[in-house]
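Counting from 1 along the sequence shown, just add 388 to a position and that's the residue number in the numbering used here. Ideal placement from N, C-alpha and C gives every residue a C-beta, glycine not left out.
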Amino acid sequence: QGKKLIEIARKSISAHFKNQENQKIFGIPKTEGFRDEKFEIKEFPERKGVFVTLNSYPEKELRGCIGYPYAVLPLGNAISEAAVAAAVSDPRFEPLSKFEVDSIIIEISILTAPEEIKTPKEKILEEINIGKDGLICQYNKSSGLLLPQVATENKMNAKEFLDCVCNKAGLPQNTWKKPECKIYKFQAQIFLEKSPNGEVKEEK
């Protein structure tokens with residue numbers, strides 16, 4: 389399954405650049421393919437939240453990460469959309485060029501449905517399992533999400549993870565302590581390439 393999902397992401401990014409090139413050279417509409425609105429990836433019809441992360445290789449520096457926290461699209465289509473968005477629309481980074489496609493590694497995180505942590509804020513740290521849980525922070529009209537692997541990769545404890553997800557939402561640290569601030573947690577099944585176009589493994 390993981391290999392097929394990564395393949396959808398990679399083919400979607402390549403198709404985007406091919407369509408872009410066709411428009412530029414020939415002045416024709418984008419070709420039928422992974423980004424065409426009529427195209428449906430029938431292999432993964434179940435709706436799931438998903439994020440696609442792109443890292444440079446071998447440096448493993450982040451080049452883009454976009455996704456859907458909630459199950460709004462069939463999984464295959466969500467991966468296709470998120471992969472292209474991560475490649476060219478993540479505002480934190482310069483868009484990927486077509487020459488970089490074969491020098492990135494792709495990581496896919498399939499999310500469980502987020503569940504609000506309703507424990508009193510003074511006990512919320514006990515409810516967060518570092519390495520297993522991702523977090524969503526919602527306060528007023530601001531929202532931010534961090535995948536479970538962010539805490540592990542940055543050696544965060546639960547408080548640091550909460551502070552960081554508040555920052556991701558554009559909020560001050562400790563906003564999570566406010567009664568009006570909602571914190572959700574979720575888990576993720578993670579697939580990633582060991583090298584560009586290489587072996588796909590599932591992170592445990």
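Outcome for residue i when other beta-carbon atoms lying within 10 angstroms are tallied against a minimum of 16
{"i": "S497", "result": "buried"}
{"i": "V440", "result": "buried"}
{"i": "S583", "result": "exposed"}
{"i": "N542", "result": "exposed"}
{"i": "V472", "result": "buried"}
{"i": "R480", "result": "exposed"}
{"i": "E449", "result": "exposed"}
{"i": "N407", "result": "buried"}
{"i": "E581", "result": "buried"}
Euclidean distance between Cα positions of residue i and residue j
{"i": "K399", "j": "V553", "result": "31 angstroms"}
{"i": "S530", "j": "G558", "result": "7 angstroms"}
{"i": "K436", "j": "A470", "result": "12 angstroms"}
{"i": "E488", "j": "K566", "result": "43 angstroms"}
{"i": "E504", "j": "A474", "result": "27 angstroms"}
{"i": "K589", "j": "K511", "result": "35 angstroms"}
{"i": "N528", "j": "V438", "result": "24 angstroms"}
{"i": "G593", "j": "K556", "result": "No statement about residue 593 is possible, as the shown extent of the chain runs from 389 to 592 and does not include it."}
{"i": "P433", "j": "E587", "result": "24 angstroms"}
{"i": "F579", "j": "E568", "result": "35 angstroms"}
{"i": "I401", "j": "S444", "result": "15 angstroms"}
{"i": "N562", "j": "R451", "result": "28 angstroms"}
{"i": "N465", "j": "A403", "result": "14 angstroms"}
Proximity of residue i and residue j at Cβ, strictly below 7 angstroms
{"i": "T507", "j": "Q575", "result": "no"}
{"i": "D478", "j": "I454", "result": "yes"}
{"i": "I518", "j": "A539", "result": "yes"}
{"i": "D521", "j": "P502", "result": "no"}
Per DSSP, cross-strand counterpart(s) of residue i
{"i": "E556", "result": "In the sequence under discussion, the amino acid at residue 556 is Lys, which differs from the Glu named in the question. DSSP, once it has assigned bridges, lists no residue as partnering K556."}
{"i": "P462", "result": "R435"}
{"i": "C569", "result": "DSSP, once it has assigned bridges, lists no residue as partnering C569."}
{"i": "N443", "result": "L450 and I493"}
{"i": "L393", "result": "Paired residues: none, contrary to the question."}
{"i": "E581", "result": "V588"}
- List in chain order: all unbroken alpha helix (DSSP H) runs of 4+ residues lying wholly within the segment 455–506. 463–476
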